[in-house]
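> Just passing along the structure, written as structure tokens.
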Amino acid sequence: NKEIGGEIYYNGKIIWKLNKHEIRKWCFGISEQEPILLPDTVKYNILLDDNKDLDLNELYYIAEKINLNTLLEKLPMGLETIINEKNSNFSGGEKQKISLARVFYKNPSVIIMDEPTSALDDKSSECLKNYLCQIKDDKIIIIITHNPIFLSISDYVINLEDQLEEKNF
54 NKEIGGEIYY
64 NGKIIWKLNK
74 HEIRKWCFGI
84 SEQEPILLPD
94 TVKYNILLDD
104 NKDLDLNELY
114 YIAEKINLNT
124 LLEKLPMGLE
134 TIINEKNSNF
144 SGGEKQKISL
154 ARVFYKNPSV
164 IIMDEPTSAL
174 DDKSSECLKN
184 YLCQIKDDKI
194 IIIITHNPIF
204 LSISDYVINL
214 EDQLEEKNF
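The opening residue of the sequence shown carries number 54 in the numbering used here; numbering runs sequentially from there.
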């Protein structure tokens, strides 16, 4: 046995010196297939932080890119509109777009999306695909989906059906 030595680095910092809580909080963004929003304002659901200032220019830029701008413009109290406890005052597509806006506004290094287009219309799905193509060069983006729309912009595709057949499950 040879001894193995050295350090593991993440973005130039020794990994064991990193604050794992901060990494989880700021480096990862997750959008679920059926997002549950908090019974609070749309603004809070995007920021998830009362102490952070909202950069409206950045938010509206993202909103336009993912076809959320129409919803934001029609909200009765704007970003201060309350999402009710059961989220029933927003459609599935609107909830999904708010969840995506949360991820993109956070601007994490790693984005994980589970069926991100399951409640989106074709135009919004195409907008999402185009935005992902625009930002993918400096991020790790993992998309779990049945939707073939993302095949053309993917660098690597793992077909789980093929994997299962190879393992004889």
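Just so you know, even glycine gets a beta-carbon here, dropped at the ideal spot from N, CA and C.
Remember, it's a predicted structure, so these values are computed and weren't measured experimentally.
Using CA atoms only, rank isn't needed, just tell me which of GLU179, PRO161, SER162 and ILE61 is closest to PRO169.
With distances taken between Cα atoms, PRO169 lies closest to GLU179.
> Could you tell me which residues DSSP puts in a beta bridge with VAL163?
PHE81 and ILE193, per the DSSP bridge assignment.
> Under a Cβ-count criterion, where at least 16 other Cβ atoms within 10 Å of its own Cβ denotes burial, should LEU213 be classed as buried or exposed?
Exposed, since its Cβ has fewer than 16 Cβ neighbours within 10 Å.
> May I ask which residues mark the beginning and end of the alpha helix (DSSP H) holding GLN187?
From DSSP, the alpha helix (DSSP H) with GLN187 extends over 175–188.
> Tell me the residue span of the alpha helix (DSSP H) that contains TYR97.
Where TYR97 is concerned, the enclosing alpha helix (DSSP H) stretches over 95–100.
> Given VAL145, which residues of its chain have a CB within under 6 angstroms of its CB, disregarding the five upstream and five downstream residues?
A quick correction: the sequence has Gly, not Val, at residue 145. Hits under 6 angstroms: ALA172.
> Looking at the unbroken alpha helix (DSSP H) that takes in LEU109, where does it start and where does it end?
Its alpha helix (DSSP H) spans residues 109–118.
> Please list the terminal residues of the continuous alpha helix (DSSP H) segment that includes GLU126.
122–127 is the extent of the alpha helix (DSSP H) around GLU126.
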